[in-house]
Amino acid sequence: MIYIMVTNWENHWNNLGDSPTYFTTRMLKGNMNESKLKDDTRTIFIKRNKETRSIENTWIGKVAKISEGTQRDGKKCIYFRVITKDTITCPGKYSNYSEGWYIAEEEIEENIYEKCIFDPSFFSELKTTNDWQKFEEYTYYLIRCLGVHISHRFGFKKQKGKAD
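FYI, the numbering for the sequence shown is 8 to 171, going by our numbering.
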């Protein structure tokens with residue numbers, strides 16, 4: 008079992024630290040319901056852009072310290088803490104999910120978030136970055152890892168938008 012949690016809120020999944028957050032029970036989607044709440048369940052956290060609806064980032068981790076409560080206006084809600092481990096590429100089968108808390112009863116492949124011990128540490132960042140400078144830098148490292156040791160790096164100020 009794995010949870011899939013999708014929001015379009017600014018600075019949410021990766022910036023919560025040890026602070027609790029909550030979803031109202033109206034955010035429970037698909038087969039997810041209050042009887043399926045379980046602490047320390049593996050979770051895929053997806054951040055969507057509010058205007059374009061595109062996926063900005065995806066993390067793997069877990070939810071902890073789940074408790075039910077009520078807001079001041081009387082709406083039932085579920086409080087929890089978010090523990091993110093790694094940035095991942097969003098699995099295709101979850102890329103069309105709208106905002107909410109979903110459950111996938113089947114087990115996901117372990118390799119979605121498990122790193123191979125032989126992978127250089129920059130691989131996961133190279134796969135998911137939207138920053139062109141990081142992409143250029145990590146591509147250079149990748150070329151070096153492949154055995155091409157004679158290569159020229161252009162300065163970042165002169166390179167942007169030009170052919171390699």
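Note that the Cβ used here is the ideal one computed from N, Cα and C, for glycine as well.
For residue i, collect the residues of the same chain with a Cβ closer than 6 Å to its Cβ; drop the 5 residues on either side in sequence, then sort them by chain order.
i, result
"E63", "K54 and N56"
"R49", "I9 and K69"
"F39", "With the sequence shown as reference, residue 39 is identified as Met, and Phe is not the correct amino acid for it. Closer than 6 Å at the Cβ level, and outside the excluded window around M39, lie W108, Y109 and I110."
"Q78", "C84"
"E58", "none"
Would residue i and residue j qualify as a contact pair, given that the criterion is a beta-carbon distance under 8 Å?
i, j, result
"I174", "Y104", "This structure cannot settle anything about residue 174, because the visible part of the chain is limited to 8 through 171."
"K72", "F52", "no"
"K36", "G99", "no"
"Y145", "L133", "yes"
"E41", "E75", "yes"
"D93", "W66", "yes"
"T91", "W20", "yes"
Would the beta-carbon of residue i be found less than 7 Å away from any heavy atom of the ligand COA?
i, result
"T50", "This structure does not include the ligand COA; it has no bound ligands of any sort."
Evaluate residue i with the Cβ neighbour count: other Cβ atoms within 10 Å of its Cβ, from every protein chain shown; 16 or more gives buried, anything less gives exposed.
i, result
"I95", "buried"
"V13", "buried"
"V89", "buried"
"G24", "exposed"
"I157", "exposed"
"C97", "buried"
Am I right that residue i and residue j are in contact with their C-beta atoms under 8 Å? What's the rounded C-beta distance?
i, j, result
"K82", "T31", "5 Å"
Please go through the same chain and pick out, in chain order, the residues whose beta-carbon is closer than 7 Å to the beta-carbon of residue i, but skip the five residues on each side of it.
i, result
"L149", "L133"
"I85", "Y29, F30, T32, L44, I73 and E75"
"E17", "none"
"Y101", "I11, I51 and I53"
"F129", "Y145 and Y148"
"R151", "none"
Who are the Cβ neighbours of residue i in its own chain at under 8 Å, not counting the five residues just before and after it?
i, result
"S26", "R88"
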